[in-house]
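Undergrad: Sharing a structure with you now.
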Amino acid sequence: MSLSWDPVLALAPAPLYATRLKRLLDLCIALALLPLALPLVALAAACIAAGGGAPFYGHVRIGRGGRAFRCWKLRTMRVDGDAILARHLAADPAARAEWQSTRKLRHDPRVTPLGHLFRVTSIDELPQLLNVLRGEMSLVGPRPVTGAELARYGRDAEAYLALLPGITGAWQVAGRNALTLTQRIAHDADYARRISFRTDLAILVRTGRAVLGGGG
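Quick look at the structure:
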């Protein structure tokens, strides 16, 4: 499957699913998940608060059309995470190379033991259902990124800005942390060209299997 950018496909008229039905699917599934998600989020938030610190973390991300929004998650990192990361990267060349390539670490010293559990089970991302209900995110879409990250997308930024960012997406089910930033960008751009109900359903099913299997 080619992941190269095709400006002709990128500028093609959006299908009915992408412009209307996708939002309806988001609302139906998000509302159906709320009775299960709310107790889990409340319990997780109480556990985090008991350990000290705010249970929720809202980080600013760039949404469709370049609009900034606050993307919500349960806090999984230590309060002094930035300082911990800086020290870790300065002392570990291998970790520094991994961070420069993927902007992620397989063994992230900032993540708490409880946070690791929440990440493996994807419980930390349940607050993003609020973003979905508010129309800031979709269940499936490109990974929400910061302005600094979007600046590295080059011509693929157009594909990102055409869609709502997603709780899950093409690159999450294709390799997650094993992919480089360049590969993740390519997967998201390819998804933007191939968006359909069938594609979204396949990604949701694969995401569900990964979560139930403990793959995050």
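Each residue of the sequence shown is one higher than the last, beginning at 1 in UniProt numbering.
Glycine residues also receive a C-beta, built at the ideal position from the N, C-alpha and C atoms.
Keep in mind that this is a model prediction, so the values were computed, not measured.
Considering just the uninterrupted stretch of the beta strand (DSSP E) at F139, what are its terminal residues?
TA: Checking the sequence, you will find Leu at residue 139 rather than Phe. Its beta strand (DSSP E) spans residues S138 to V140.
Undergrad: Work out the CA separation of A162 and L204 for me, nearest whole Å.
TA: When rounded, the distance between both Cα atoms is 20 Å.
Undergrad: So I48 and L89 are in contact, right, with Cβ under 8 Å, and what is the actual spacing, rounded?
TA: Not quite, the Cβ-Cβ distance comes to about 25 Å (not below 8 Å), so this is no contact.
Undergrad: Grouping DSSP H, G and I as helix and E and B as strand, with all else coil, what is Y160?
TA: The answer is helix: DSSP assigns Y160 an H, G or I state.
Undergrad: Please report the Cβ distance between L179 and W171, rounded to the nearest whole angstrom; I am assuming they are in contact, meaning their Cβ atoms lie under 8 Å.
TA: With 8 Å as the limit, L179 and W171 qualify as a contact, their Cβ atoms being about 6 Å apart.
Undergrad: Relative to the alpha-carbon of T168, which residue among A46, L36 and M137 has its alpha-carbon at the smallest distance?
TA: Closest by alpha carbon: M137.
Undergrad: According to DSSP, which residues form a beta bridge with L74?
TA: BP columns for L74 point to F56.
Undergrad: With a CB to CB cut of under 8 Å and the five nearest residues on each side skipped, what residues in its chain are close to T146?
TA: Cβ neighbours of T146 beyond the five flanking positions: H59, V60, R61 and I62.
Undergrad: Can you list the beta strand (DSSP E) stretches of 3 or more residues lying completely in the segment 110-139, in chain order?
TA: Runs found: none.
Undergrad: Candidates I123, V173 and A68: which alpha carbon is nearest L33's?
TA: Checked all of I123, V173 and A68; the closest Cα to L33 is I123.
Undergrad: If you draw a straight line from the alpha carbon of L24 to that of D92, how long is it in whole angstroms?
TA: Going by the C-alpha atoms only, they are around 47 Å apart.
Undergrad: By a C-beta neighbour count over all protein chains shown, 10 Å radius and 16 as the cutoff for buried, is P144 buried or exposed?
TA: Buried, since its Cβ has 16 or more Cβ neighbours within 10 Å.
Undergrad: Can you tell me whether residue 219 is helix, strand or coil according to DSSP?
TA: Limits of the chain in this structure are 1 at one end and 216 at the other, which puts residue 219 out of reach.
Undergrad: For R110, which option in L31, R87 and D190 has the closest C-alpha, if you only look at C-alpha atoms?
TA: When each option's Cα is compared against that of R110, the closest is R87.
Undergrad: Among A37, L21, A83 and K22, which one has its Cα closest to the Cα of L129?
TA: Cα-wise, what sits closest to L129 is A37.
Undergrad: Compute the distance between the beta-carbons of V132 and A42, then report whether it is under 8 Å.
TA: No, the pair does not count as a contact, with Cβ atoms beyond the cut-off.
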